[in-house]
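Everything on this sheet refers to the single structure shown next.
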Amino acid sequence: MPDLTDDELERYARHIVLPQLGGVGQRRLKAASVAIVGAGGIGSAAIPALAGAGIGRLAIVDDDVVERTNLQRQPIFRDDQTGRPKAALAADFVRGLNPHVEVSAIEQRLTADNAEALLTGHDLVLDGCDNFATRLVVGDTLTRLRIPLVSAAAVQFQAQVGLFRGWEADRPCYRCFVGDAFDTDDCDTCAEQGVLGALTATAGSFAALMAIRAIAGIGEDVAGSLFLFDGARLDWRKIRLPKDPACRTCSI
Ligand SMILES: [Zn+2]
């Protein structure tokens, strides 16, 4: 594992003092490579959290440009950046926050054709994209590649975040959870249903926490559990997702 420089020891001092993390956990974070799919509302919370935490390499996949309607929930972008590509701007944000992070901007839409090429080689992928079709492509690809997935979604006042390692015999994959109905539908767009900005931030921060604890080896392994947050009632729930024996992605 990589050593930490003097600057990094100072920068991560509040991490390193944590008994559950320590110098070993911090070096695990530095050694890790994480891809983030979507620099939207969830990405806007997850990207700063992962960059600030000292994940060694981040790849940000997004083919959108900043629109004024994004700014209510995407605070890594500024009002004067509308019309500019999100992936590049998010990468600039990371460089400004933490020069120790090696960050790449991938200004492409993730599809079934390029998913494997874009996601291969990462230690974990955090998916905060805005539609089920892409999420299923990400989930299927990662199950095949045996890369852990943290999937986060938020709409209106509801958020859900889960960790998936679907190639394991007793753990569900993302498709076990969602099923086959959404492969072609963008059925959950914020444009149609609305979403509270602070809710996407809650989901994105929670997803980053889940990624960090998985990489650093903190606490109980929650793969296969789904965390549901109701922002109107202010209530977290944790449910255990079953593996679908008929799942076309993970059942062998
Ligand atoms: Zn499955």
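Residue numbers (our numbering): 922 to 1173. For each residue, glycine too, the CB sits at the ideal point set by N, CA and C.
Residues near residue i in its chain [Cβ-Cβ closer than 7 Å; skip 5 each side]
i, result
"HIS1021", "GLU929 and GLY975"
"ALA1153", "PHE1078"
"CYS1094", "GLY1060, THR1064, PHE1085, GLY1087, CYS1168, THR1170 and CYS1171"
"THR1062", "ALA1036, GLU1037 and LEU1040"
"GLY943", "ILE937"
Same chain, Cβ closer than 6 Å to residue i, neighbours up to 5 away in sequence not counted
i, result
"THR990", "none"
"PHE1098", "LEU1162"
"ALA1074", "GLN1081"
"ASP1101", "none"
Candidates the options, of which the one nearest residue i by Cα
i, options, result
"GLY1125", "ILE1139, VAL945, SER965 and GLY1087", "SER965"
"ASP1034", "LEU1018, VAL1099 and VAL1058", "VAL1058"
"HIS1043", "SER954, GLY1152 and PRO940", "SER954"
"LYS1007", "SER1172, GLY962 and GLY1145", "GLY962"
"ALA967", "LEU1047, GLY943, VAL1076 and ASP1061", "LEU1047"
"ARG882", "LEU1040, VAL1076, LEU1084 and VAL1071", "Residue 882 lies beyond the range of the chain shown here (922 to 1173); nothing can be said about it."
"THR1123", "ILE1139, ASP1165, VAL986 and GLN995", "GLN995"
"LEU925", "PHE1148, PRO940, GLY946 and LEU939", "GLY946"
Cβ-heavy atom distance, residue i to ligand 1, below 7 Å
i, result
"THR1123", "no"
"THR1170", "yes"
"ASP1151", "no"
"ASP1165", "yes"
"ARG1096", "yes"
"PRO1093", "yes"
"GLY1087", "yes"
Supposed close pair residue i, residue j - CB separation, criterion 8 Å
i, j, result
"ALA980", "ILE937", "About 26 Å; that fails the 8 Å criterion."
"ALA1132", "LEU971", "7 Å"
"SER1025", "ALA1038", "Not quite, the Cβ-Cβ distance comes to about 13 Å (not below 8 Å), so this is no contact."
"VAL958", "LEU1045", "Actually they are not in contact, since the Cβ atoms of VAL958 and LEU1045 sit about 12 Å apart, beyond 8 Å."
"SER1146", "GLY1049", "Incorrect: roughly 18 Å between the Cβ atoms, too far for contact."
"GLY1118", "GLN1002", "Actually they are not in contact, since the Cβ atoms of GLY1118 and GLN1002 sit about 17 Å apart, beyond 8 Å."
Within-8 Å CB hit, residue i to chain B
i, result
"PHE1085", "Included in the structure is just one protein chain, with no chain B present."
8 Å CB neighbourhood of residue i in its chain, flanking five on each side removed
i, result
"PRO923", "ARG948, LYS951, ALA952 and GLY977"
"GLY973", "LEU1018 and ASN1019"
"ARG932", "GLY975, ASN1019 and HIS1021"
"ASP1156", "PHE1150"
Residues sharing a beta bridge with residue i, DSSP
i, result
"ARG978", "SER954 and GLU1023"
"SER1072", "ASP1048 and GLY1083"
"LEU942", "None, per the DSSP bridge assignment."
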